[in-house]
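Chemist: Under my numbering, the first residue of the sequence shown is numbered 64, with each subsequent residue one higher.
Glycine residues also receive a C-beta, built at the ideal position from the N, C-alpha and C atoms.
One structure coming up, written as structure tokens, with questions to follow.
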Amino acid sequence: MTALVTGATSGIGQAVALKLAQLGAEVIVHGRDAGRGAATVQQIQEAGGAARFIGATLTDPDEVRRLAAEAGAVDILINNAGIYKFGLSADVDDAFFDDHFNVNVRAPHILVQQLAPGMAERGRGSIVNLSSVVATTPARAGGIYGASKAAVELLTRVWADEFGRAGVRVNAVQAGPTETPGTDALPGLAEALGNLTTLGRPASVTEIANAIVFLASSDASYINGAVLQATGGQAAIAA
Ligand SMILES: NC(=O)c1ccc[n+]([C@@H]2O[C@H](COP(=O)([O-])OP(=O)(O)OC[C@H]3O[C@@H](n4cnc5c(N)ncnc54)[C@H](OP(=O)(O)O)[C@@H]3O)[C@@H](O)[C@H]2O)c1
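Below you can see the structure in the form of structure tokens.
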């Protein structure tokens, strides 16, 4: 079993890569930073797993196609790499918009386009896309990011329909605030948003990885086109 995990050099993706390797998958660790890639591969190998690194910048569609070609036949694709920046609509520029849609939507689209037909030919495969609670709950200054994840959720259901009869399942995890190197760069964010959930705290990367690996595994064999909320629960509004 081979698994490609994008953005596996950090945070949620790294936790998914480690867990899939523990379960026996040969993991292709993707990211941009070769140093972080080598460290993740080493961590997997030291735990007895198998992994290799492929570097690719997902803003460039040709790089995404090269990543798919170098990955080859994969059984599991985790579209995890993503960017999240904040800005009010009146303030953001075209590059801000393009970066979110190129990394968060176009790159997963190209990877599915390149890799899912091979899975369909082999009669099996599982794809999990990363969404966010802000895909369905408006977040102040998070409009473009949320819109990119809303697109990912809709595409998840379209791809589930396109490939399901060939034995390829496509699902998404809607993650809530999670402590990662990415959110650490935005001090206080994960904790403040975590406070707004029913559980009153942010998630650990392991808690989100568990949901992703469940959907990727055969334990979820009758689940297709689902968006699993791993959001900590939406707190009730009260007067
Ligand atoms: N953390 C949260 O609170 C949260 C909540 C909901 C959803 N999510 C989603 O979960 C996913 C992972 O989030 P995270 O917080 O774990 O991320 P993170 O710690 O910021 O790591 C991001 C990963 O994506 C890669 N990446 C970013 N931009 C890239 C680009 N242009 N080309 C190639 N690779 C790129 C990074 O590679 P490098 O090593 O090269 O930097 C890194 O491996 C994202 O899709 C995010 O939107 C996160």
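Do residue 118 and residue 135 have their C-beta atoms closer together than 8 Å?
Modeler: Within the sequence shown, the letter at position 55 stands for residue 118. Within the sequence shown, the letter at position 72 stands for residue 135. For residue 118 and residue 135, no; Cβs fall outside 8 Å.
Chemist: Determine the direct distance from the alpha carbon of residue 163 to that of residue 66, and round the result to whole angstroms.
Modeler: If you number the sequence shown from 1, residue 66 lands on position 3. If you number the sequence shown from 1, residue 163 lands on position 100. Cα-Cα distance, rounded: 24 Å.
Chemist: Residue 107 by DSSP, collapsed to three states: which one?
Modeler: In the sequence shown, the residue the question calls residue 107 occupies position 44. In this structure, residue 107 counts as helix in the three-state DSSP scheme.
Chemist: Residues in its own chain within less than 6 Å of residue 211 by CB, not counting five upstream and five downstream?
Modeler: Residue 211 sits at position 148 when you count from the first residue of the sequence shown. Excluding sequence neighbours, residue 211 sits near 163, 164, 167, 168.
Chemist: Does the separation of the CB atoms of residue 80 and residue 131 fall below 8 Å?
Modeler: As a first step, residue 80 is located in the sequence shown; it is residue number 17 there, counting from the start. As a first step, residue 131 is located in the sequence shown; it is residue number 68 there, counting from the start. Going by C-beta atoms, residue 80 is not nearer than 8 Å to residue 131.
Chemist: Would you call the stretch 153-161 and the stretch 82-94 touching, i.e. three or more CB-CB distances under 8 Å?
Modeler: Contact fails: fewer than three Cβ-Cβ distances are below 8 Å.
Chemist: Looking at residue 143 and residue 197, is the spacing between their C-beta atoms short of 8 Å?
Modeler: Counting from 1 along the sequence shown, the entry for residue 197 is found at position 134. Counting from 1 along the sequence shown, the entry for residue 143 is found at position 80. No, they are not a contact pair.
Chemist: If you draw a straight line from the C-alpha of residue 224 to the C-alpha of residue 215, how long is it?
Modeler: The residue labelled residue 224 in the question sits at position 161 within the sequence shown. The residue labelled residue 215 in the question sits at position 152 within the sequence shown. Taking the straight line from one Cα to the other gives about 14 Å.
Chemist: Using a Cβ-Cβ cutoff of less than 6 Å, which residues in the same chain neighbour residue 120 once the five nearest sequence positions on both sides are dropped?
Modeler: Within the sequence shown, the letter at position 57 stands for residue 120. Same-chain partners within the cutoff: 95, 126.
Chemist: Measure the C-alpha to C-alpha separation of residue 147 and residue 208 and round it to an integer number of angstroms.
Modeler: Numbered from 1 along the sequence shown, position 84 holds the residue referred to as residue 147. Numbered from 1 along the sequence shown, position 145 holds the residue referred to as residue 208. Approximately 6 Å, taken between the alpha carbons.
Chemist: For a quick check, are the C-beta atoms of residue 251 and residue 204 less than 8 Å apart?
Modeler: Translated into positions along the sequence shown, residue 251 becomes position 188. Translated into positions along the sequence shown, residue 204 becomes position 141. Not closer than 8 Å, so no.
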